[in-house]
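Residue numbers for the sequence shown follow this note's numbering, beginning at 6 and rising by one.
Read through the structure below, which is laid out as structure tokens, and then see the notes.
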Amino acid sequence: MFRLLRLFIVAVILVAFLPKQSALNNDGAAVYHQFLADNTQFHQQVEQLTAYVATNAPDDSLKAAFRRSRLAYKRMEWLLEYYQPFLASHINGPPVVEVEGNEPGQTPILPSGLQVVETYLFPDYSPTRKAELSRELTVLLTYSTRLEQGIPEGKLSDADILTAIQQQLFRITTLGITGYDAPEARTGLTEAAASLAALQSAFRPYASQLPKAMSAQLGDRWEEAILVLGKAKDFDAFDRITFIRQQLYPLCRALTQARQTLHIPAGARNRFLSPTVATLSDTGAFRPDHLINFGEFISTPQKVALGRLLFFDPLLSGNNARSCASCHQPERAFTDGRARSRSFKGRKQVLRNAPTLINAGLQNAQFYDSRALYLEDQAHDVLSNAHEMRTSPDEVVSKLATSAAYRKMFAEAFPNGLTAPAVRNSLAAYIRSLTRLNARPDRYLRGDSVALSEEEKRGFNLFLGKARCATCHFFPIFNGFAPPHYEKTESEIIGVPRSPKTRNARLDTDVGKFGTYQKNIHRFAFKTPTVRNVALTAPYMHNGVYKTLEQVVDFYNRGGGRGIGISLDGQTLPEAPLNLTAVEQKAVVAFLNALTDTTGLTQRPNQLPLIDQPTNLNRRKPGGRY
6 MFRLLRLFIV AVILVAFLPK QSALNNDGAA VYHQFLADNT QFHQQVEQLT AYVATNAPDD
66 SLKAAFRRSR LAYKRMEWLL EYYQPFLASH INGPPVVEVE GNEPGQTPIL PSGLQVVETY
126 LFPDYSPTRK AELSRELTVL LTYSTRLEQG IPEGKLSDAD ILTAIQQQLF RITTLGITGY
186 DAPEARTGLT EAAASLAALQ SAFRPYASQL PKAMSAQLGD RWEEAILVLG KAKDFDAFDR
246 ITFIRQQLYP LCRALTQARQ TLHIPAGARN RFLSPTVATL SDTGAFRPDH LINFGEFIST
306 PQKVALGRLL FFDPLLSGNN ARSCASCHQP ERAFTDGRAR SRSFKGRKQV LRNAPTLINA
366 GLQNAQFYDS RALYLEDQAH DVLSNAHEMR TSPDEVVSKL ATSAAYRKMF AEAFPNGLTA
426 PAVRNSLAAY IRSLTRLNAR PDRYLRGDSV ALSEEEKRGF NLFLGKARCA TCHFFPIFNG
486 FAPPHYEKTE SEIIGVPRSP KTRNARLDTD VGKFGTYQKN IHRFAFKTPT VRNVALTAPY
546 MHNGVYKTLE QVVDFYNRGG GRGIGISLDG QTLPEAPLNL TAVEQKAVVA FLNALTDTTG
606 LTQRPNQLPL IDQPTNLNRR KPGGRY
């Protein structure tokens, strides 16, 4: 009897110390059935729109039906995007032609879905395109009958449900309130409110498991965010910076705290985001190392320190006179202030402007033409390029092997010591360490007591709103790495001119990605760079055509290349003028200037490792400039 009692007490103690399980563990049945209901409603709305087109309904009726279709989709988007991003891309993907892979000759994939339909209805619908629109709607209806495929009925875990909710909050932050997927209908704020309401509904069963005070506070966060969006009457005038700081980010943090209280772990997600991230402006939210698929390439302090020395060492060039820092100078945010960098020995210029290396690790495509995926590949390309370093990784290894100090550092940093892959990885590790997302706007959005001027705040709101900058330079990294999945770095065709003319301009002859991949849809396409630290990186564009940020903003305000007289098929930048006033353009520039943050990055090494011998390897001064 006493033995059984002791066993019972031990069992109770063990259970008390076992890891707590998910709050509900109900296989997500309610969420799944709500998804089915939302999918049915979406299908019915698209059917109604299709019928309106067939019966030649008035333009206003068509647009209203389209808006209802989008709202219906937004109520289920959060779960579809998490489990079936491929299907989601066919329902609401961007209206641009895609090509899978980079091999020449592949068949382009035509876009489909709501964003394609929008181009037929806005700004005005033309009955002459009725047949084309009807075909697009037929495709959309076909996809809408298959959306439950891949949603694991009976297996929706609490971890995945809450992670999908968080992912949708990030989507609202980066794409929803910027108007990314409804640029002409301009329904982004209304759709964000509908999406938030759907997320709140999905979370209610979890809220009931929380302590009463926490549940009430979280409920208030949901309601406040939805209310602010609901009151917004003007897409252009919406105060996005205040909404993110005071409503959206507090909601994200409250949700993270609730998940921790319920002991629900983070579900599967892109490794690029930290598993502990609450908001996209958190310190350490992004992990550049996790864009690498090879564990042995992960950065270490030893690799970073070694890569820093290599970056400034002229031994990495064919003539021992040129270093990486010759064209990527720390004082200029790792650019060189030239329209195009000087070529090897300084006789000519290279093809393109030297881009900043700060935050270069926060993308999965390198160079203006995206010809390299990893920073290791970029290092190899630069070392081998006849116009840049004119050497090879193997030749660099031979030179570095003459230094006992380098041999020692490589042995400490890499299991195999000094090798060509180790040289490349060291340089890449150093560049990945040049990650800085702590400018004043970042700290302000986190709720810190840092000051932003009213003009800078207005510039942020314009950047994410009327000026449409954030539909290509995605918040908060402000480059083309598309959130929230972070799987693709986008390129755009904007029509960069040869000279800074505003009328009858001529297109720059550089064909961009076409030169690498030989696909017509890539002709004159260039990777979307970050605009962080852009105040330090003049001149601008791949050819350095613009000397000031004011000129750049004016170019976009006019509608890109087409707005200054360039006839360019395939321009992905909307050609309609933005109609920014002079005051608004000035505010955008003020915000861009506020994105400067080079803290801890500008100091050069005081001394480079000594070379044992011979004298013909003597190098010029560390990080020498041309």
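Beta carbons are placed, not taken as given, at the ideal position from N, Cα and C, and that holds for glycine.
Do you know how far the Cα of residue j is from the Cα of residue i?
| i | j | result |
| --- | --- | --- |
| Ala344 | Tyr545 | 8 Å |
| Thr507 | Leu573 | 15 Å |
| Arg337 | Asn364 | 14 Å |
| Leu215 | Leu256 | 15 Å |
| Ala564 | Leu583 | Just to set this straight, residue 564 is Gly in the shown sequence, not Ala. Roughly 7 Å separates the two Cα atoms. |
| Ser504 | Gln556 | 11 Å |
| Pro614 | Arg511 | 49 Å |
| Thr284 | Phe480 | 12 Å |
| Arg528 | Glu381 | 26 Å |
| Arg73 | Asn97 | 14 Å |
| Asp294 | Leu267 | 30 Å |
| Leu167 | Gly272 | 8 Å |
| Leu585 | Ala187 | 20 Å |
| Ile114 | Ser408 | 53 Å |
| Ser304 | Phe317 | 19 Å |
| Phe415 | Ala475 | 41 Å |
| Val593 | Asp244 | 14 Å |
| Ala406 | Ser322 | 15 Å |
| Thr632 | Pro488 | Lying outside 6 to 631, the shown extent of the chain, residue 632 is not represented and no answer is given. |
| Thr535 | Ser213 | 42 Å |
| Pro157 | Ala199 | 24 Å |
| Thr159 | Leu84 | Per the sequence presented here, residue 159 reads as Gly, with Thr not at that position. Spanning the two alpha carbons is a distance of roughly 14 Å. |
| Pro139 | Val121 | A small correction: the amino acid at residue 139 is Ser; Pro does not occupy that position in the sequence shown. Answer to the nearest angstrom: the Cα atoms are 12 Å apart. |
| Gly549 | Gly470 | 27 Å |
According to DSSP, residue i sits in a beta bridge with which residue or residues?
| i | result |
| --- | --- |
| Asn97 | Gly118 |
| Leu512 | Pro502 |
| Lys532 | Ser496 |
| Leu278 | Phe291 |
| Gln383 | For Gln383, which the question treats as bridged, DSSP gives no partner whatsoever. |
| Phe486 | Thr494 |
| Tyr545 | Tyr551 |
| Gln371 | Ala377 |
| Glu103 | Ile114 |
| Phe479 | Asn484 |
Under DSSP, the alpha helix (DSSP H) around residue i begins and ends at which residues?
| i | result |
| --- | --- |
| Glu196 | 193-212 |
| Asn466 | 459-469 |
| Met414 | 409-418 |
| Tyr639 | Residue numbering for the chain in the displayed model covers 6 to 631; residue 639 lies beyond these limits and cannot be assessed. |
| Gln154 | Unbroken run through Gln154: none, as it is neither H nor E. |
| Cys257 | 254-266 |
| Ala221 | 217-236 |
| Val36 | 34-59 |
| Pro270 | Neither: Pro270 is in no alpha helix (DSSP H) and is coded neither H nor E. |
| Arg245 | 245-248 |
| Arg80 | Here Arg80 belongs to no alpha helix (DSSP H), and DSSP marks it neither H nor E. |
| Leu450 | 445-451 |
| Tyr130 | It is not in any alpha helix (DSSP H) - Tyr130 carries neither H nor E in the DSSP assignment. |
| Ser431 | 425-437 |
| Leu167 | 163-176 |
| Pro635 | Because the chain here runs from 6 to 631, residue 635 falls outside it and cannot be looked at. |
Take the Cβ of residue i as the centre, count every other Cβ of all protein chains shown within 10 Å, and call the residue buried at 16 or more, exposed below.
| i | result |
| --- | --- |
| Asp163 | buried |
| Ser348 | buried |
| Arg80 | buried |
| Glu301 | exposed |
| Arg609 | exposed |
| Glu137 | exposed |
| Gly289 | exposed |
| Thr133 | exposed |
| Thr179 | buried |
| Glu86 | buried |
| Arg151 | exposed |
| Gly568 | buried |
| His95 | buried |
| Asn421 | exposed |
| Asp602 | buried |
| His38 | exposed |
| Arg543 | Reading the sequence as shown, one finds Ala at residue 543 and not Arg. Label assigned to Ala543: buried. |
| Leu232 | exposed |
| Gln368 | buried |
Could you tell me whether the Cβ of residue i comes closer than 8 Å to any Cβ of chain C?
| i | result |
| --- | --- |
| Ala456 | The structure shown has no chain C; it contains just one protein chain. |
- Task: Just list the alpha helix (DSSP H) runs in the segment 317-367, keeping only unbroken ones of 4 residues or longer that don't cross its boundaries, in chain order.
- Result: As far as the segment 317-367 is concerned, its whole alpha helix (DSSP H) runs of at least 4 residues are 329-332.
- Item | Unbroken stretches of the alpha helix (DSSP H), 4 residues or longer, contained in the segment 547-622 | 554-562, 565-568, 587-599
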